[in-house]
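In what follows, a single structure is set out as structure tokens and then discussed.
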Amino acid sequence: MEAVTDPISWEGASESQAHVQFRVEQAEAAKLEAEVDTLRERLASETQNRRLRYPIAIGALLVMVLQVVVSNAIFGWYGDTNAWDISAAAISAWMGTTVVEVVAVVLVVMNYLFRTRAGSTRRVALILMG
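At position 36 of the sequence shown (counting the first as 1) the number is 35 in numbering that gives the first Met the number 0, and the numbers step up by one without a gap.
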């Protein structure tokens, strides 16, 4: 009973509790500072990525347009050299590969530029492909 009523032991306990509380608050503050630093790094990285995305998207679209133009030129040359006697299978293959290429490039660019959730591109691809 003496230990409970002794003012010196209460003082020591109070200081000890205050010290523990102070250490807990310091740990929480350090954790919050680490989270802020992580968020700042993410923000800097995302800002840099946004600066890079536009030129990459434009470049990909230009390459796709160039490839489609070259493909059309080759197909035109093939048709001209064969007096436009082209089989339906060749025309279907040419059109199919062109459509698939355009859709694939658009999906890749969309996924890179407009990231949302993990499965969103898969859903868009399934919708576009049928």
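We treat Cβ as the ideally placed atom computed from N, Cα and C, and that holds for glycine.
Report task. Compare the beta carbon distance of Val-108 and Leu-61 with 8 Å and say whether it is the shorter of the two. Result -> Translated into positions along the sequence shown, residue 108 becomes position 109. Translated into positions along the sequence shown, residue 61 becomes position 62. Contact: no.
**Report entry** First and last residue of the uninterrupted alpha helix (DSSP H) at Asn-131
**Finding:** Because the chain here runs from 0 to 129, residue 131 falls outside it and cannot be looked at.
Report task. Note down, in chain order, each residue of its chain lying with its Cβ closer than 8 Å to the Cβ of Gln-16, except the 5 sequence neighbours on either side. Result -> Along the sequence shown, read from residue 1 onward, the residue named residue 16 stands at position 17. Here the set comprises nothing.
Query raised in the report: Could you give the C-beta distance for Arg-52 and Tyr-111, rounded to a whole number, given that I count them as a contact under 8 Å?
Result: For the purposes of this step, residue 52 is identified with residue 53 of the sequence shown, where counting begins at 1. For the purposes of this step, residue 111 is identified with residue 112 of the sequence shown, where counting begins at 1. Right, the Cβ-Cβ distance comes to about 6 Å (below 8 Å), so this counts as a contact.
Query raised in the report: Straight-line CA distance for Leu-42 to Thr-96?
Result: As a position in the sequence shown, residue 42 is number 43, starting the count at 1. As a position in the sequence shown, residue 96 is number 97, starting the count at 1. One C-alpha to the other measures close to 39 Å.
Query - Same chain, Cβ closer than 6 Å to Ile-73, five either side skipped, listed in chain order - result: Taking the sequence shown and counting its residues from 1, one reaches residue 73 at position 74. Excluding sequence neighbours, Ile-73 sits near nothing in its chain.
Query raised in the report: Just how far apart, CA to CA, sit Glu-14 and Arg-39?
Result: If you number the sequence shown from 1, residue 14 lands on position 15. If you number the sequence shown from 1, residue 39 lands on position 40. If you take the alpha carbons of Glu-14 and Arg-39, they lie about 37 Å apart.
Report task. With 8 Å as the threshold, decide whether the Cβ of Glu-100 is near any Cβ in chain C. Result -> The chain inventory of the structure shown lacks chain C, comprising one protein chain alone.
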